[in-house]
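Engineer:
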Amino acid sequence: MRVERICTVCGRSISWRRKWARDWENVKYCSDACRGRGLSPRDRHIEDTIMALLEARAADASICPSEAARKLAGGADWRQQMEPVRMAARRLQRAGRIDITQRGRPVDPDTAKGPIRLRLRPVGVQL
1341 MRVERICTVC GRSISWRRKW ARDWENVKYC SDACRGRGLS PRDRHIEDTI
1391 MALLEARAAD ASICPSEAAR KLAGGADWRQ QMEPVRMAAR RLQRAGRIDI
1441 TQRGRPVDPD TAKGPIRLRL RPVGVQL
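The numbering of the sequence shown is the numbering used here, which starts it at 1341 and goes up by one.
Structure follows, in structure tokens:
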């Protein structure tokens, strides 16, 4: 039985590949790009920024990922921060700390198309 693997860097599901059959338990990255990039202190800072923005809101409120990107960019072009923010959001969602939603309902970050929102996961709720 193959257990689902999640990329440590981008938070996406890793598709099983035949060449990984002998080493499936040790697969951590979905691609060479993620393996080369790794997780940095900057990635943890992005996660902390998302959590700080969410904790400053009402319990049932959400934020747009662009709010975190704008805060991180500090006046520079915030659009460059969007993919790192999305990656951090997927990691936080997989860790059970937040929900990624569309139209107020939690969605799978691997299949979500279009605009997303981020909200704190209610205590005791598992997807």
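For glycine and all other residues, C-beta sits at the position ideal for the given N, C-alpha and C.
Taking the DSSP output, what are the residues bridged to D1439?
Structural biologist: Translated into the one-based positions of the sequence shown, residue 1439 becomes position 99. D1439 is bridged to R1459.
Engineer: Output needed for Q1482: all residues of its chain with C-beta closer than 8 Å, excluding positions within five of it in sequence on either side, in chain order.
Structural biologist: Look at the range of the chain in this structure, 1341 to 1467, and you will see that residue 1482 is not part of it.
Engineer: Give me the residue from A1428, C1347 and D1417 with the minimum Cα distance to A1373.
Structural biologist: To locate residue 1373, count along the sequence shown from 1; it is residue 33. Here the closest residue by C-alpha is C1347.
Engineer: Any idea if D1337 is buried or exposed, counting beta-carbon neighbours within 10 angstroms, 16 or more meaning buried?
Structural biologist: Given a span of 1341 to 1467 for the chain in the structure shown, any question on residue 1337 remains unanswerable.
Engineer: Can you say whether G1351 is buried or exposed, counting buried as having 16 or more other CB atoms within 10 angstroms of its CB?
Structural biologist: Translated into positions along the sequence shown, residue 1351 becomes position 11. G1351 comes out buried.
Engineer: For I1354, which residues does DSSP report across the bridge?
Structural biologist: The count along the sequence shown starts at 1 and reaches residue 1354 at position 14. Answer is R1345.
Engineer: What does DSSP give as the partner residue(s) for S1402 in the beta ladder?
Structural biologist: Counting from 1 along the sequence shown, the entry for residue 1402 is found at position 62. According to DSSP, which records beta bridges pairwise, S1402 is partnered with R1459.
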